[in-house]
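First up is the structure itself, then whatever we jot down about it.
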Amino acid sequence: MEKNSKLTLLQKEVLFGVILGDAHLETQNNRITYRVKFEQSIKHKAYIEHLYDVFKNYVKTSPQLKLVTYKNNQTKSTNIRFATISSSTFTFFGKQFYKDKKKVTPKLIHRWLTPRALAYWYMDDGSMKSYQSKGVLLNTQAFSHAEVQLLCNVLTEKFNLYCWPRKQKKNTYQIYISGKTYETLRNCIYPFIIPDMQYKFPLPRKIR
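For the record, in the sequence shown the residue sitting at position 134 is 1037 according to this note's numbering, with numbers rising by one throughout.
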């Protein structure tokens, strides 16, 4: 295990993507070191195992199952999760993505969002609008409208994607990426999407 070694390029790109998604960082010593926590539905077991393989040099315990009970105390589901060790290796990410213990969008995210990072962001927290549509969604409800607009600007300027904030309940916002740029998005991220997560991405258009 490598407590304070340098991250590989792959690990860096994956982190920038998954932290925009469901992964989160935690510090217990006033931001000196951080650990990264990964958790998904059991449906995405293969994806969590893939992430574990990417970060296993920073992990002591392999992915574990967790029973989740929702507010009504009746609906239950099973998640799968793991966490890295606490390390100064992750402190840069903690300081970029968190302010007053709340996840935020880094102002310099345009520098760090690569096609691979975008693919992991999509695998982590993206979805199809519908089976009939080529449009897709990124679930950015944890971010402010200004942060979501910043992310849309980056997606447009850096990847030529036609997208905008889509209002949800309680003044939260998703990112909607229009099917008009479906092929652009597919060419950008599909090569990085692992086989078990390809079901989340719309099928290619039928050639008439």
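Glycine included, each C-beta is placed from N, C-alpha and C at the ideal position.
Comparing C-alpha positions only, which one of the options sits nearest to residue i?
i               : options                              : result
threonine 1004  : Thr1075, Val971 and Ala1045          : Here residue 1004 turns out to be lysine, not threonine, going by the sequence shown. The shortest Cα separation from lysine 1004 among Thr1075, Val971 and Ala1045 belongs to Ala1045.
leucine 913     : Tyr955, Arg984 and Arg934            : Tyr955
isoleucine 951  : Tyr1023, Gln1052 and Asn1074         : Tyr1023
serine 1030     : Gly924, Lys963 and Ile1012           : Gly924
tyrosine 1076   : Gln1052, Pro1098, Ile988 and Ile935  : Gln1052
isoleucine 983  : Lys969, Gln1071, Leu1088 and Trp1015 : Lys969
lysine 1002     : Glu929, Gln1101 and Ile1078          : Glu929
isoleucine 1092 : Ser1047, Leu1011, Val1039 and Lys940 : Val1039
tyrosine 1034   : Val921, Ser908, Glu1060 and Arg1108  : Arg1108
serine 980      : Val1007, Phe993, Ser990 and His947   : His947
Taking the straight line between their C-alpha atoms, what separation do you get for residue i and residue j?
i               : j              : result
leucine 1058    : valine 971     : 34 Å
proline 854     : asparagine 932 : Outside the shown range of the chain (904 to 1111) lies residue 854, about which nothing can therefore be said.
isoleucine 1110 : asparagine 960 : 45 Å
leucine 1021    : tyrosine 1065  : 15 Å
For residue i, which three-state DSSP category applies?
i            : result
proline 1068 : strand
glycine 1038 : coil
lysine 969   : strand
Could you tell me which residues DSSP puts in a beta bridge with residue i?
i                 : result
isoleucine 1078   : Leu1041 and Pro1068
phenylalanine 941 : Phe985
histidine 927     : Lys940
- [ ] At 4 residues or longer, and completely inside the region 974 to 1015: list those alpha helix (DSSP H) runs for me, N to C.
- [x] Here the runs fully enclosed are 994 to 1000 and 1012 to 1015.
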